[in-house]
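> Just passing along the structure, written as structure tokens.
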Amino acid sequence: MMQDLEILDIVDENDCVIGQKKRSEIYSQGLCNFRVVNAFAVNSLGQLWIPRRSAQKRIFPLCLDVSMGGHVESGETYEDALQRELEEELNLNLNMLNTQLLGYLTPYQYQVSAFMKVYEITLDCEPNYNKNDFIESFWLYPSDLIEWLNKGEPAKSDLMKLVQMFYIHTKYIIRVRQAYRL
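Residue numbers (full-length UniProt numbering): 1 to 182.
The structure is reproduced here in structure tokens:
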């Protein structure tokens with residue numbers, strides 16, 4: 001697969017580039033010192049758009065996922081990767097969206113799979129998602145998603161942690177009300 005040949009930057013504990021490796025090598029070696037971006041699409045009701053990965057995905061096939069996620073390729077910034085992945089996975093243009101950074105996480109501090117920036121986009125319609133990436137999707141309140149995951153719904157490894165971190169607390173409710181002037 002072409003994705004296995006993708007070259008990613010390897011970073012030190014301060015997120016400074018120290019080398020490059022093929023994506024396939026990173027996963028076969030179980031490394032966590034590479035970069036990814038994730039984004040949640042949130043509607044005016046406060047629901048998250050959660051897709052199910054296609055069966056062809058090498059890792060986490062048929063699992064629930066963040067609205068958009070991807071690797072930061074060698075030489076890219078997190079923001080470059082966000083723009084590229086939004087276009088590739090959801091057919092959305094970053095410049096046409098209301099986007100905010102939710103957080104920057106490291107695997108050493110937060111026990112996530114990689115160095116990551118997590119974003120939120122406001123969206124009140126289902127995106128025209130790439131059918132090679134996802135097979136179905138759901139608009140779910142964060143608490144309902146957590147309930148599904150607790151009942152055993154298969155999901156990408158960081159999904160529950162990210163939803164709990166950014167959406168299962170009162171700051172989320174305040175942020176939604178401010179964004180939509182409720």
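Quick reminder that beta carbons are idealized off the backbone N, C-alpha and C, glycines included.
1) DSSP has TYR104 in a bridge; who is on the other side?
2) Identify whether ARG177 lies in helix, strand or coil by the three-state DSSP scheme.
3) ASP124 by DSSP, collapsed to three states: which one?
4) In the DSSP output, what is ALA81 paired with across the bridge?
5) Report the option in MET165, LEU159, PHE166, TYR167 whose CA atom is closest to the CA atom of PHE60.
6) What is the rounded straight-line gap between the Cα of GLN100 and the Cα of GLU120?
7) Is it buried or exposed, GLU85, if we count other Cβ atoms within 10 angstroms and call 16 or more buried?
8) Three-state secondary structure (DSSP) at PHE166?
9) Starting from ILE26, trace the beta strand (DSSP E) both ways and give me its first and last residue.
10) For SER137, name the three-state secondary structure that DSSP assigns.
11) In the DSSP assignment, the beta strand (DSSP E) including ASN38 goes from what residue to what residue?
12) Whole angstroms is fine: what's the gap from GLN56's alpha carbon to TYR108's?
This is what the structure holds:
1) Taking the sequence shown and counting its residues from 1, one reaches residue 104 at position 104. According to DSSP, which records beta bridges pairwise, TYR104 is partnered with LYS117.
2) In the sequence shown, residue 177 corresponds to position 177, counting from 1. The pLDDT assigned to ARG177 is 49, lower than 50, so where the model puts this residue is not dependable; a value taken from the coordinates is nonetheless given after this. Looking at ARG177 - three-state DSSP - the assignment turns out to be helix.
3) Here residue 124 corresponds to residue number 124 of the sequence shown, with the count starting at 1. If DSSP states are grouped into helix, strand and coil, ASP124 belongs with coil.
4) What you label residue 81 is simply residue 81 of the sequence shown in a count that begins at 1. BP columns for ALA81 are empty, so no partner.
5) As a position in the sequence shown, residue 60 is number 60, starting the count at 1. Comparing Cα positions, the closest option is LEU159.
6) Taking the sequence shown and counting its residues from 1, one reaches residue 100 at position 100. Taking the sequence shown and counting its residues from 1, one reaches residue 120 at position 120. Distance between the alpha carbons of GLN100 and GLU120 is about 5 Å.
7) Within the sequence shown, residue 85 is the residue found at index 85, counting from 1. The residue in question, GLU85, is buried, as its Cβ has 16 or more Cβ neighbours within 10 Å.
8) Taking the sequence shown and counting its residues from 1, the one referred to as residue 166 is at position 166. Looking at PHE166 - three-state DSSP - the assignment turns out to be helix.
9) Your numbering for residue 26 matches position 26 in the sequence shown. Here ILE26 belongs to no beta strand (DSSP E); instead the alpha helix (DSSP H) covers 23 to 28.
10) Here residue 137 is taken as the residue at index 137 of the sequence shown, counted from 1. Three-state result, SER137: strand.
11) Sequence index remark: in the sequence shown, residue 38 carries index 38 (1-based). Residues 35 to 42.
12) Residue numbering aside, residue 56 sits at position 56 when the sequence shown is read from its first letter. Residue numbering aside, residue 108 sits at position 108 when the sequence shown is read from its first letter. The straight-line gap from Cα to Cα measures roughly 30 Å.
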